[in-house]
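Visitor: Take this structure first; my questions come after.
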Amino acid sequence: MAFNDREQAKIPLLTPYKMGKFELSHRVVLAPLTRCRSFGNVPQPHAILYYTQRTTKGGFLIAEATGVSDTAQGYRATPGIWTKEQVEAWKPIVDAVHAKGGIFFCQIWHVGRASNTGYQPNGQAPISSTEKGIMNSVEANGIDVPRFTPPRKLTTQEIPLVVDDFRVAARNAIEAGFDGVEIHGAHGYLIEQFLKDGVNDRTDEYGGSLENRCRFALEVVDAIVKEIGADKVGIRLSPFIEFNASADSNPNALGLYMAESLNKYKILYCHMVGPMMKEVGVKVESPYTLVPMRKAFKGTFISAGGYDMEDGNNAVAKKETDLVAYGRSFLANPDLPKRFQLSAPLNNYNWETYYTPDPVLGYTDYPFLETTV
Ligand SMILES: Cc1cc2nc3c(=O)[nH]c(=O)nc-3n(C[C@H](O)[C@H](O)[C@H](O)COP(=O)(O)O)c2cc1C
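FYI, this note's numbering numbers position 287 of the sequence shown as 344, with every residue one higher than the one before it.
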């Protein structure tokens, strides 16, 4: 897809942007979207069509959350990147995205306590920063309800082992051909279970003060930066979102502390899900904005969470963000940047098929503009 100068001047989201060494042709990013179609935790060939449908030359895509180890899973059929088989299975998918000129990062993930014994090796308890379980189910976002079982609190000595799982997963992602990794530090999963004081009740150096609660996240960043280079590392954070029973008493301070601390590692980008969504998919008014974090962070800033085309254009035009990640609308509109270019109507997304196992339905069957009647 090529945009002429006149179109680019009109549509801030469609202006080019240089993210580190990556020359992006526009600013409409594919947000990470769990699809629950990676049977046996192995990415399937049908993901080639899914991701290439959403690839544009110079477009930036973030793959669905991908487990870093055998304790990282909490949902049915989510992909992993800790075995040789998984790495090999990712390769043709990544190659196909590259063949169309896309830039492709892998979102690496550990669910922590958002799991149950059924997903864990030998039926063991899920691991977390805490022994407190998640009381509420996640039915609200449509996922096949995992029945959470109480987690086991990681000992201080075990934490470096989990940091190392992230490091190895990042190395594997590069081996699979990905251009980089996005560390999943959002939505109440393991990293956020350390970050937020509503969850983290530790008394060691990983709990208590803001500095201590952020230690695990920053150790993961540090290990991955040393392994693959800062120019290939991004992180996703959602200080304002309380998904998976993860609240913080001062989300603004948490977001700001992380944005400032990340500068030390010179990572490529910080991707934040804004306060417009308190739960995934539920838009709310909020007194907070991402602007202080955007100002504090020195690398590329990506915003997400409830943005439509106008919100995205405004945010880019006002320099409140560099890039905007779109989730549900990109899922339902594989040609989303083109639709923005033409101000074309969008297909509606169907949440009932978000996490279903069909390799086509609600996945690769959303119509392109040309075929929309
Ligand atoms: C079906 C579905 C799957 C999602 N999977 C992930 C995921 O794997 N990782 C993640 O960080 N966020 C995930 N999210 C959140 C999205 O990336 C995005 O932040 C959210 O949908 C808000 O953006 P939107 O309003 O553009 O949809 C998911 C959301 C949906 C609807």
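Yeah, the Cβ is synthetic: ideal placement off N, Cα and C, and Gly gets one too.
For Glu-427, count the other beta carbons within 10 Å of its own beta carbon; 16 or more makes it buried, fewer makes it exposed. Which is it?
Guide: Counted from its first residue, the sequence shown places residue 427 at position 370. With fewer than 16 other Cβ atoms within 10 Å, it is exposed.
Visitor: Any chance you could list the beta strand (DSSP E) runs of at least 3 consecutive residues sitting entirely within the segment 265-304, in chain order?
Guide: 290-294
Visitor: In angstroms with no decimal places, state the Cα-to-Cα distance between Asn-193 and Phe-205.
Guide: Position 136 of the sequence shown, counting from 1, holds the residue named residue 193. Position 148 of the sequence shown, counting from 1, holds the residue named residue 205. Reliability fails at Asn-193, whose pLDDT of 49 lies under 50, so the model's placement of it is uncertain and no value is given.
Visitor: With a threshold of 7 Å (Cβ to nearest heavy atom), would Ala-243 be considered close to ligand 1?
Guide: As a working note, residue 243 is residue 186 in the sequence shown. Indeed, a heavy atom of ligand 1 lies less than 7 Å from the Cβ.
Visitor: Considering only heavy atoms of ligand 1, does any lie closer than 7 Å to the CB of Thr-91?
Guide: Within the sequence shown, the letter at position 34 stands for residue 91. Yes, ligand 1 has a heavy atom inside 7 Å of this Cβ.
Visitor: With C-beta atoms as the reference, is Ala-274 less than 8 Å away from Phe-251?
Guide: Walking along the sequence shown from the start, residue 274 turns up at place 217. Walking along the sequence shown from the start, residue 251 turns up at place 194. Yes, Cβ-Cβ distance for Ala-274 and Phe-251 is below 8 Å.
Visitor: Going straight from the alpha carbon of Val-430 to that of Gly-175, what length do you get?
Guide: What you label residue 430 is simply residue 373 of the sequence shown in a count that begins at 1. What you label residue 175 is simply residue 118 of the sequence shown in a count that begins at 1. For Val-430, the predicted model reports a pLDDT of 46, less than 50, meaning its position is unreliable; a value from the coordinates is still stated below. Their Cα atoms are separated by approximately 45 Å.
Visitor: So is the beta-carbon of Val-256 under 7 Å away from any non-hydrogen atom of ligand 1?
Guide: As a position in the sequence shown, residue 256 is number 199, starting the count at 1. Result no, Cβ not under 7 Å from ligand 1.
Visitor: Rank Pro-416, Asp-288, Leu-388 and Pro-414 by C-alpha distance to the C-alpha of Gly-77 and give the top, closest one.
Guide: Working through the sequence shown from its first residue, we reach residue 77 at position 20. Here the closest residue by C-alpha is Asp-288.
Visitor: Considering Lys-352, what are the terminal residues of the alpha helix (DSSP H) in which it resides?
Guide: To locate residue 352, count along the sequence shown from 1; it is residue 295. DSSP places Lys-352 in the uninterrupted alpha helix (DSSP H) bounded by 348-353.
Visitor: Short of 7 Å in beta carbon distance, which residues of its chain neighbour Glu-215, apart from the five on each side in sequence? Order them along the chain.
Guide: Along the sequence shown, one-based indexing puts residue 215 at 158. If we look at Glu-215 and ignore the five residues flanking it on each side, it has no Cβ neighbours.
Visitor: With a threshold of 7 Å (Cβ to nearest heavy atom), would Ala-372 be considered close to ligand 1?
Guide: Looking up residue 372 in the sequence shown gives position 315. It does not: the Cβ of Ala-372 is nowhere closer than 7 Å to a heavy atom of ligand 1.
Visitor: According to DSSP, which residues form a beta bridge with Gly-242?
Guide: Residue mapping note: residue 242 aligns to position 185 of the sequence shown, counting from 1. In the DSSP output, where bridge partners are listed per residue, Gly-242 has Leu-294.
Visitor: Check for me: the alpha helix (DSSP H) holding Met-329 runs from which residue to which?
Guide: Counting from 1 along the sequence shown, the entry for residue 329 is found at position 272. Here Met-329 belongs to no alpha helix (DSSP H); instead the beta strand (DSSP E) covers 326-330.
Visitor: Whole-angstrom Cβ separation of Pro-394 and Leu-71, contact assumed at under 8 Å?
Guide: As a working mapping, residue 394 is identified with position 337 in the sequence shown. As a working mapping, residue 71 is identified with position 14 in the sequence shown. Right, their Cβ atoms sit about 7 Å apart.
Visitor: When you compare each of Ile-285, Asp-221 and Ala-153 to Ala-129 by their alpha carbons, which one comes out closest?
Guide: Taking the first residue of the sequence shown as position 1, residue 129 is located at position 72. The option with the nearest alpha carbon to Ala-129 is Asp-221.
Visitor: On the three-pair Cβ rule with 8 Å, is the segment 221-241 touching the segment 156-166?
Guide: Contact between the segment 221-241 and the segment 156-166 is present, because at least three Cβ pairs lie under 8 Å.
Visitor: Return the chain-ordered list of same chain residues with a C-beta closer than 6 Å to the C-beta of Ala-361, the five sequence neighbours on each side being excluded.
Guide: On the sequence shown, residue 361 is found 304 positions in, with the first residue counted as 1. The answer, listed in chain order, is Ala-88, Val-330 and Ala-382.
Visitor: Can you tell me whether DSSP reads Leu-87 as helix, strand or coil?
Guide: If you number the sequence shown from 1, residue 87 lands on position 30. The answer is strand: DSSP assigns Leu-87 an E or B state.
Visitor: So Ser-386 is in the alpha helix (DSSP H); what residue range does that whole segment cover?
Guide: Here the question's residue 386 lines up with position 329 in the sequence shown. First-last of the alpha helix (DSSP H) with Ser-386: 385-389.
Visitor: Could you tell me whether the segment 136-150 touches the segment 97-107, where touching means 3 or more Cβ pairs closer than 8 Å?
Guide: Yes, they touch.
Visitor: Between Pro-69 and Val-373, which are expected to be in contact by the criterion C-beta below 8 Å, what is the C-beta distance as a whole number of angstroms?
Guide: Within the sequence shown, residue 69 is the residue found at index 12, counting from 1. Within the sequence shown, residue 373 is the residue found at index 316, counting from 1. That pair is a contact at about 4 Å.
Visitor: Quick check on Ala-389: buried or exposed, where buried means 16 or more other Cβ atoms within 10 Å of its Cβ?
Guide: The count along the sequence shown starts at 1 and reaches residue 389 at position 332. Taking a 10 Å sphere around the C-beta of Ala-389, we find 16 or more other C-beta atoms and assign the residue as buried.
Visitor: Tell me which residue opens and which closes the beta strand (DSSP E) that Glu-215 is part of.
Guide: The count along the sequence shown starts at 1 and reaches residue 215 at position 158. Unbroken run through Glu-215: none, as it is neither H nor E.
Visitor: In the DSSP output, which residue or residues are listed as bridge partners for Ala-134?
Guide: Taking the first residue of the sequence shown as 1, we reach residue 134 at position 77. Answer by DSSP bridge pairing: none, since Ala-134 is not bridged.
Visitor: Report the rounded CA-to-CA distance for Ala-153 versus Thr-109, giving the unit in angstroms.
Guide: Counting from one through the sequence shown, the residue named residue 153 turns up at place 96. Counting from one through the sequence shown, the residue named residue 109 turns up at place 52. Going by the C-alpha atoms only, they are around 7 Å apart.
Visitor: Given the structure, does Val-341 come close to ligand 1, in the sense that its CB is under 7 Å from one of the ligand's heavy atoms?
Guide: Walking along the sequence shown from the start, residue 341 turns up at place 284. Ligand 1 never approaches Val-341 closely enough for any of its heavy atoms to be under 7 Å from the residue's Cβ.
Visitor: Please return the same chain residues whose Cβ sits closer than 7 Å to the Cβ of Ser-95, not counting the five positions on each side in sequence.
Guide: Here the question's residue 95 lines up with position 38 in the sequence shown. For Ser-95, where only same-chain residues beyond five positions count, the Cβ hits under 7 Å are Gln-101, Ala-134, Thr-135 and Pro-136.
Visitor: Let me know the secondary structure DSSP gives Leu-313 once reduced to three states.
Guide: Residue 313 sits at position 256 when you count from the first residue of the sequence shown. Reduced to three states, the DSSP call for Leu-313 is helix.
Visitor: Who are the Cβ neighbours of Lys-67 in its own chain at under 6 Å, not counting the five residues just before and after it?
Guide: Locating residue 67 in the sequence shown gives position 10, where the first residue counts as 1. So no residue of the chain qualifies.
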